[in-house]
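Enquirer: Note that my numbering has the sequence shown beginning at 909, numbered continuously upward. Don't be surprised by glycine CBs; every beta carbon is placed ideally from N, CA and C. Dumping the structure here so I can ask a few things about it.
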Amino acid sequence: MTTAVPLINVIPGDKIPTAPLNVRLPMWRVPWWLLVPYWLVRGLYTLIAFALRHWWATSPTVLVLWVWGRYGWPTLVVAVTAFAVVCVSWWRLHAASWLRFAWYPTIARLRRVWVYQRRWASAMATCGLAIAFDRDRYVPRLVGVRCDRWGDEVTVRLLPGQIPDDWAAAAHRLAYTFRVRDGRARSTEQPDRVALRFLRKDPLASLVKPLPMPAVPDFTALPLGVREDGEIYRLRLAGSHLLIAGATGSGKGSVIWSLVRSLSGGIALGLVELWVFDPKGGMELAPGRALFARFAYENPDSMAGVLEEAVKRMKERAARLRGVARQHTPTTGDPAIVVLVDELAALTAYISDRKVKERIRESLGLLLSQGRAVGVHVAAALQDPRKDVLPFRDLFPTRIGLRLTEDEQVDMVLGDGARDRGALCDQISETAPGVAYVAIDGVREPVRVRFSYLTDDDIADLAAGYALAGGAA
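Quick look at the structure:
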């Protein structure tokens, strides 16, 4: 006796998949005299919609055709010539307003149509930003395009389920798709939109000359370099510490001397004291010794003693401000102290004397954890960002990543996920020293910057013109 074996193993509660019903709707034959008006109305509607959507192009075209048909081509030539004279005069008399209100908006509309909209759907599909759901494909909407001297800013409406990190990961691919130099993504004030920054020309390709120095330094906005949009980059040092990391020849000196230059006005007025540590024997920072209130370079033991003195000053100031103020304000009698270390690893990892090393680590830990509110700031540079070299990197709210040798080092310096958000420190060219990405706690996207370069003559003039009264100790 044989037993029938079921072809499908059905588990109670499951639903057996079935083929969809094949429903065929009846076909209706429409006479041609009804189709002709339909296609005419549809074509007219499409033409009107196109004219309204691209009014910036259709309106001048209609105006030119009307003048030509109404008054003839001589009048049209005179009108076009007069319009050209007005534009050229506007550009010559006030170039900034001409570029802002006339030239760049026109370029933005042209690039939106001929560069982005033509390839938009295919770019979204090939870069993995289009979503397929229920047999339909959804493409993010191109909201707007803005242009400036250096590149384009494309605003996009996110699809449900997307976050700005998705666009940051695909920004480099999109840049190649739209034939531009580089691309980055950043979040906007509107949670459903993301802004893509595409560079047509890199403002950081050439050296940045020393920037004008403020007479009184503003610790919330110290001018140190130029951003990738061509504007001056201003660093906030108030309530913060600064970490500078980069390989040999990446331009750490540019960051250090740009910081010293921006503080020079306060040094001359007695509002700032620089306590400088140069474990490499003083060769790197010795040209600016006239600007330093403390200059330690001889041996680790003496440097440990200066750091302990800084901790003592910090604790005395904290006791004096307790119950009086929550944030220190620099004055000539109570200046801000900036502890500047050229090679931090030489103090935290490469010292053989264990006791001296522990003294230095303890002092640095106290300064980093307690010094911000009382006006004691630490700015440290290093080449090796490994954790055993820098055990307290999380105490630096502001981090600068210059050229690094490995992609894993980017997240070590700037924080987890920084490289995925566009901080490609490992791809910075060796011919571009001073180019870096700056990450700040609380700010999601890193900023690409090139710091100013000071020659030996610039440093000598700086030390001579803004020397600290009494010289360096």
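Starting from PRO1238, follow its DSSP beta bridges and name the residues at the other end.
Expert: Looking at the DSSP assignment, PRO1238 forms no beta bridge with any residue, so it has no partner.
Enquirer: State the Cα-Cα distance for the pair GLY1279 and PRO1238, rounded to the nearest angstrom.
Expert: For GLY1279 and PRO1238, the distance between alpha carbons rounds to 14 Å.
Enquirer: Just list the beta strand (DSSP E) runs in the segment 1221 to 1292, keeping only unbroken ones of 3 residues or longer that don't cross its boundaries, in chain order.
Expert: Those beta strand (DSSP E) runs which fall completely within the segment 1221 to 1292 and span 3+ residues are 1244 to 1249, 1284 to 1290.
Enquirer: How long is the line joining the alpha carbons of PHE958 and ASP1074, rounded to whole angstroms?
Expert: The straight-line gap from Cα to Cα measures roughly 32 Å.
Enquirer: Enumerate, from N- to C-terminal direction, the unbroken alpha helix (DSSP H) stretches of 4 or more residues contained entirely within the segment 1130 to 1198.
Expert: Taking only runs of at least 4 residues, the alpha helix (DSSP H) segments lying wholly in the segment 1130 to 1198 are 1160 to 1177.
Enquirer: Determine the DSSP secondary structure at THR1034, reduced to helix, strand or coil.
Expert: In this structure, THR1034 counts as helix in the three-state DSSP scheme.
Enquirer: Please list the terminal residues of the continuous beta strand (DSSP E) segment that includes LEU1107.
Expert: Unbroken beta strand (DSSP E) run through LEU1107: 1101 to 1107.
Enquirer: Report yes if the CB atom of ALA1281 is closer than 8 Å to the CB atom of HIS1236, and no otherwise.
Expert: In contact: ALA1281 and HIS1236 (Cβ atoms closer than 8 Å).
Enquirer: Report buried or exposed for THR910, applying the criterion of at least 16 other Cβ atoms within 10 angstroms of its Cβ.
Expert: Unreliable placement is indicated for THR910, whose pLDDT of 49 sits below 50; the coordinate value is still reported in the next sentence. Result: exposed.
Enquirer: Just to confirm the assignment, what range does the alpha helix (DSSP H) spanning CYS1055 have?
Expert: Looking at the DSSP string, CYS1055 is not in any alpha helix (DSSP H); the run it does join, the beta strand (DSSP E), is 1049 to 1055.
Enquirer: Quick one: any contact between the segment 1335 to 1345 and the segment 1073 to 1087, if contact means 3 or more CB pairs under 8 Å?
Expert: No, they do not touch.
Enquirer: With DSSP collapsed to three states, give me the class of GLY1213.
Expert: Note: GLY1213 maps to helix in three-state DSSP.
Enquirer: Kindly examine the ligand GTP and report whether one of its heavy atoms sits closer than 7 Å to the Cβ of ASP1366.
Expert: With respect to the ligand GTP, the structure shown offers nothing to examine, as it has no ligands at all.
Enquirer: Determine the burial state of SER1158: buried for a count of at least 16 other Cβ atoms within 10 Å of its Cβ, exposed for fewer.
Expert: By the 10 Å Cβ count, SER1158 comes out buried.
Enquirer: Going by Cα to Cα distance, which pick from ILE1140, ARG1049, ARG1026 is closest to LEU1037?
Expert: Among ILE1140, ARG1049, ARG1026, the Cα nearest to that of LEU1037 is on ARG1049.
Enquirer: For PHE1041 versus SER1162, is the C-beta spacing smaller than 8 Å?
Expert: No. Outside cutoff.
Enquirer: May I ask you to report which of helix, strand or coil DSSP gives ILE916?
Expert: Residue confidence is low: ILE916 scores 43 on pLDDT, short of 50, so the model does not pin down where it sits. No coordinate-derived value is stated.
Enquirer: Please identify the residue among LEU1130, THR1034, VAL1124, LYS1188 whose C-alpha is closest to the C-alpha of LEU1290.
Expert: Minimum Cα distance to LEU1290 is reached at LYS1188.
Enquirer: Would you give the residue range spanned by the alpha helix (DSSP H) that THR1014 belongs to?
Expert: Residues 1012 to 1019.
Enquirer: Tell whether a beta-carbon distance below 8 Å holds between PHE1185 and LEU1112.
Expert: It is not a contact, given that the beta carbons lie outside the stated cut-off.
Enquirer: So does the segment 1089 to 1104 actually touch the segment 1140 to 1153, counting three or more Cβ pairs closer than 8 Å?
Expert: These segments do not touch.
Enquirer: Quick check: VAL1384 and ASP1060, are their CB atoms within less than 8 Å of each other?
Expert: Only positions 909 to 1381 of the chain appear in the structure, and residue 1384 is not among them; the question remains open.
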